[in-house]
Amino acid sequence: MKFYIINYRKIKKQIFLIGLMLACVIFFTVLVYQQQDMATTAKKYAIYKVKTDKKVAALTFDISWGTEVPGPVLDILKKNNIKATFFISGPWAVKHPEFPKRIVAEGHEVASHGEEHVNLSEYSKEEIKKNISTAHQKIKEVTGVEPRLIRTPNGDWNDLVLTTAEELNYRVIQWSADSLDWKKPGVEAITSRVLKKVQPGAIILMHASDTCIQTPDALPGVLEGLKKQGYQLVTVSELLTMGPGTID
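Here the sequence shown is numbered in my numbering, starting from 123 and rising by one per residue.
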């Protein structure tokens, strides 16, 4: 007859080690799933600037209506050999095709400012899609260019707007340095504000609609001031190749 001696201390130790291993496996499994879930549900955001240490910035103009301001703005940019990004609305592109065509011919970047000048966050997905798609088609027909950047009217957006824009192969672009030229605060105030707000990777907001009558007079000072500060001006798409887009 054989007798077996049970070593309870050894068994307890083995059970403890097995339990510890299982706990570690469970812990790391949960951690991995949490990280995957965080990555999946990461909050979307519009791009306000680009993270970079280089002294580069993108000069942008919104245009929704008028014919008096766009020409002088383009003349000044051409004289200074500066390429900018123009966010133009669909109706304006169709009504005044000579300007969008000139923008393309002179090497500037064409982007969309949507169709109707409304807060897209207040609309359904289908209405948002219609607004963006309608403007896209009009801009394409006039310029031969398919824009891939959009500045939503009034800078308004939410998750639904961003998701819908992405589904239409658009990136939503806002700004980090606002000239407030639409308020007509005076040429010196516009120039001073831009030069104080600019930072590496900045996206500068100006306007070339006829309501912004002080923009052409302020623009030479803005360009000269940025040059003195050592900034290189590029289009938004060029800026996005220099670092990740960010909200702050």
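Where is the CB? At the ideal position from N, CA and C, for every residue including glycine.
Residue 329 has 184 as its beta-bridge partners, per DSSP. Residues of the same chain with a CB within less than 7 Å of the CB of residue 315, apart from the 5 flanking positions on each side, are 301 and 302 in chain order.
Taking a 10 Å sphere around the C-beta of residue 288, we find fewer than 16 other C-beta atoms and assign the residue as exposed.
Taken through DSSP and simplified to helix, strand or coil, residue 335 comes out as coil.
A residue is called buried once 16 or more other Cβ atoms fall within 10 Å of its Cβ, and residue 184 is buried on that count. In the DSSP assignment, residue 259 falls within the alpha helix (DSSP H) that extends over 247-265. In the three-state reduction of the DSSP assignment, residue 293 falls in the strand class, which pools E and B.
DSSP lists 208 as the bridge partner or partners of residue 232. Taking C-beta atoms as the reference points, residue 198 and residue 341 count as a pair closer than 8 Å. Residue 369 sits exposed, since fewer than 16 C-beta atoms from the chains shown fall within 10 Å of its C-beta. Around the C-beta of residue 291, fewer than 16 other C-beta atoms lie within 10 Å, and the residue is accordingly described as exposed. Rounded to whole angstroms, the separation of the alpha carbons of residue 261 and residue 346 is 31 Å. Here the alpha carbons of residue 286 and residue 166 stand approximately 12 Å from one another. Closest by C-alpha distance to residue 251, out of 178, 226, 338 and 282, is 282. Going by DSSP, residue 355 is part of the beta strand (DSSP E) stretching over 354-356. A check of alpha carbon separations from residue 207 across 366, 367, 365 and 361 identifies 361 as the nearest.
Taking C-alpha positions only, residue 176 is separated from residue 214 by approximately 35 Å.
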